[in-house]
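Comments concern the structure below.
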Amino acid sequence: MGEALLSSMLTEILIPICAVVGIVYALIQWFVVSRVKVVPGYSNGSNNGTNSKNGFTEYLIEEEDGGNDHSVVTKCADIQNAISEGATSFLFTEYQYMGVFMVGFAVIIFLFLGSVEKFSLKDQPCTYNKELMCKPALANAAFSTVAFVLGSLTSVLSGYLGMKIATYANARTTLEARKGVGKAFITAFRSGAVMGFLLSANGLLVLYISINLFKLYYGDDWEGLFEAITGYGLGGSSMALFGRVGGGIYTKAADVGADLVGKVERNIPEDDPRNPAVIADNVGDNVGDIAGMGSDLFGSYAESSCAALVVASISSFGTSHDFTAMCFPLLISSMGIIVCLITTSFATDIFEIKAVKEIEPALKKQLIISTVLMTVGIAVVSFVALPSSFTIFNFGEQKVVKNWHLFFCVAVGLWAGLVIGFVTEYYTSNAYSPVQDVADSCRTGAATNVIFGLALGYKSVIIPIFAIAISIFVSFSLAAMYGIAVAALGMLSTMATGLAIDAYGPISDNAGGIAEMAGMSHRIRERTDALDAAGNTTAAIGKGFAIGSAALVSLALFGAFVSRAAIATVDVLTPKVFIGLIVGAMLPYWFSAMTMKSVGSAALKMVEEVRRQFNTIPGLMEGTAKPDYATCVKISTDASLREMIPPGCLVMLTPLIVGTFFGVETLSGVLAGALVSGVQVAISASNTGGAWDNAKKYIEAGASEHARTLGPKGSDCHKAAVIGDTIGDPLKDTSGPSLNILIKLMAVESLVFAPFFATHGGLLFKL
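According to the working numbering, the sequence shown holds residues 1127 to 1893 in order.
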């Protein structure tokens, strides 16, 4: 069948080198951002006043209206510190809860998997080849537990680093906006790139080191090794679930409270310092959209890698111990880091932003350039890392596959991601007719705005689902479930660029808030608003990528689960399977109901508190008294920590309960139902919320003649748009993004516990 051109020795060197290069590049970007000083009287470089392309030798206060107003810089620094302290405090408290869960669930993994062979220390016949002996089930329990803890810690670290970088960069972006929109854009984008490269490189490096450490014990038992590694994906996604749900509830409780009372009732600007919820709102952007999103995409990466590795370990790659071919998923991710590094230089060093209208095209160019370059990169990896012909495990049989087949599998996932991204942009950007129609519907009030927004969300599902369907058909036809797993990896291969674009949005949003609170000029706020508007669209694109990849990852994990649980066929006409199917399809709605109500309950308390402060603090509306920001921060913190537990338990306990009491057939139905239903609801919710948000911004910006007929701020039309945006907030930032974690997490959890379910599951049917 031939051998790969790339030797095992070179593979062992290349993967960690690419990861380290990503980390070093992230640190370089952070250093450049750090040269923007949030201290009065400092310049960013020499004091000769000369101009460099990216503005690193200009005075910070060069263009500020009113001259060298040091108080503005001091205010920016103070606000930045308040946001950073609030976000850090919340995350540390949240991580304490998550730490308790991590320890408890690690014990469950060990006990359940160890009990498969009654905690025996004897080698057992291998699952897929009974003639060979594999390591004992107790070893699988122990190493799966270790992998789970490693995945959990890496996920938590990813979220925390992202939050610290974002809170470090927000005020710097505000200050750079005084020199022009281009300077502010580069600062925000470089900061997003720090997060993107750190997360991608850390995820790859930890997974690679884990595999090599586990290999010291497992030796030639690659089947057992990579089955244990699936715990890494489970750890990553379980932490992401709590991070996404907790952060989402936090940010939307504050946002809804600030909008309903401040903008609608009191008719004050969005980030007015008189609004008591304004600090909580800015903190929420970081703990939800940054920390939660970082953990989410790390979870997707870990799970797609684990799904591909599990299938490869029982294919010819594993049976012939071809380490280079086995590491094909890791080599794709390594190539992705190098491609994204080249792509990022286009935004930071080659193309210069000079006008507001150039911001969104610059971000879209990042997606296109990275996709084109990555297609070439995939071709190189496929032809040097894979033999010309090999076999892939396909539900009990070995399917003969060529190396160019896998190139097409990865490439189809990569390009499907781009299609989903641009369709998402079309339905959520106010540059196109769908969002403009939603804005126009505000003429007749909030009700028609809601109707148009819901219709837009439902319609936006169509093309992404066809893109996902085509990807599944092509990749499965070419390389069975392994093809689907690497297609998901293809969609995530440019994750460093995707995360940079995604993190850019909340950083810009915070920059605008700081500009408003610091009392900076209207000109500065216009620049930060332009950055934020582009960021809203790119955030929606990021959610589209996450949901699309989740669908492919979940299907690959589902296939691995069916094989590991020894299910011959999943027949929907069987009552056991059909009841699982219909219950699984219900779960996304149950989960969404819990998260939406959680946001509503927390927002209700926030609204009451904001109203109380406006009514009882003398001089607050006049700006002569300061609001009590701390109480609002506490309301969001307490509510999110309390409310994130029930949805998390629903997701984590469902596979355990169904698999243990109803068996693997019913569980396979639950996974299929949740996947099919969850993807539709997630896309619809995310795009509906994004459209309402940008319809409001379209009216506020008044950039076109049509937009000016709907405004200005404070008009009845604008108030209707704000109500739509408020309804959409929990859809796009809490329920929608969390649903992709639901479908991935249930699938990977079922795969990890498959040995237990296959041996002891279905207790009710055994009575």
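Ideal Cβ positions, reconstructed from N, Cα and C, are used throughout, including at glycine.
Item	Value
For the segment 1251-1259 against the segment 1212-1229, are there 3 or more C-beta pairs whose distance is under 8 Å?	no
Which of the three DSSP states is assigned to Thr1620 in this structure?	coil
Determine the direct distance from the alpha carbon of Ala1672 to that of Ala1626, and round the result to whole angstroms.	14 Å
Name the one or two DSSP bridge partners that Phe1519 has.	Gln1524
By how many angstroms is the C-alpha of Ile1375 removed from the C-alpha of Ile1761?	11 Å
I need the DSSP call for Met1228, collapsed to helix, strand or coil.	helix
Anyone know if the C-beta pair for Leu1367 and Ser1861 falls short of 8 Å?	no
Compare the Cα-Cα distances from Val1805 to each of Pro1781, Glu1734, Thr1700, Leu1678 and report the closest residue.	Leu1678
For Ala1354, count the other beta carbons within 10 Å of its own beta carbon; 16 or more makes it buried, fewer makes it exposed. Which is it?	buried
Find the nearest neighbour of Ile1708 within the set Phe1245, Ile1546, Thr1792, Gly1359, judged by alpha-carbon distance.	Thr1792
Let me confirm a value: Thr1570 is counted as buried when at least 16 other C-beta atoms fall within 10 Å, else exposed. Which label applies?	exposed
Look up Pro1744 in the DSSP assignment and say whether it is helix, strand or coil.	coil
If you draw a straight line from the alpha carbon of Val1282 to that of Gly1837, how long is it in whole angstroms?	43 Å
In the DSSP assignment, find the unbroken alpha helix (DSSP H) run with Thr1271 in it and report its ends.	1263-1302
To the nearest angstrom, how far is the alpha carbon of Ala1873 from that of Thr1280?	20 Å
Closer than 8 Å is the cut-off here; do at least three beta carbon pairs connect the segment 1712-1730 with the segment 1627-1635?	no
Counting Cβ pairs closer than 8 Å, one from the segment 1231-1244 and one from the segment 1198-1211, do we hit at least three?	no
On a Cα-Cα basis, can you pick out the residue from Cys1535, Gly1522, Thr1300, Phe1548 that is closest to Val1507?	Cys1535
Rounded to a whole number of angstroms, what is the C-alpha to C-alpha distance between Ala1686 and Gln1492?	34 Å
So what does DSSP say about Cys1843, is it helix, strand or coil?	helix
Within this structure, are the beta carbons of Met1643 and Val1404 separated by less than 8 Å?	yes
Give me the Cα-Cα distance between Asp1563 and Asn1813, rounded to the nearest whole angstrom.	14 Å
DSSP on Met1607, reduced to helix/strand/coil?	helix
When you compare each of Phe1245, Phe1269, Asp1347 to Glu1257 by their alpha carbons, which one comes out closest?	Asp1347
Could you say which of Thr1445, Pro1513, Thr1750, Gly1462 lies nearest to Leu1615 if we only look at CA atoms?	Gly1462
Just curious, the alpha helix (DSSP H) that Asp1754 is in, first and last residue?	No alpha helix (DSSP H) contains Asp1754, which DSSP labels as neither H nor E.
Check whether the Cβ atoms of Ala1451 and Asn1520 lie closer than 8 Å to each other.	no
Is there contact between the segment 1727-1734 and the segment 1545-1558, where contact requires at least three CB pairs shorter than 8 Å?	no
Going by C-alpha to C-alpha distance, which of Tyr1630, Tyr1294, Phe1879 sits closest to Val1242?	Phe1879
What residues in its chain sit with their C-beta under 6 Å from that of Glu1486, if we drop five residues either side in the sequence?	Ala1660
Put Pro1402 into one of helix, strand or coil per three-state DSSP.	coil
If you follow the alpha helix (DSSP H) that Ile1335 is part of, which residue opens it and which one closes it?	1307-1344
Taking the C-alpha atoms as reference points, what is the distance between Asp1658 and Gly1638?	7 Å
Ordered along the chain, which non-local residues of its own chain (more than five positions away) have a Cβ less than 7 Å from that of Val1275?	Met1228, Ala1232, Gly1361
Which residue from Tyr1343, Gly1369, Pro1395 puts its Cα closest to that of Cys1260?	Tyr1343
Inspect the beta-carbon positions of Ser1084 and Ser1421 and report whether they are closer than 8 Å.	With the chain represented from 1127 up to 1893, any question about residue 1084 goes unanswered, as that position is not in the structure.
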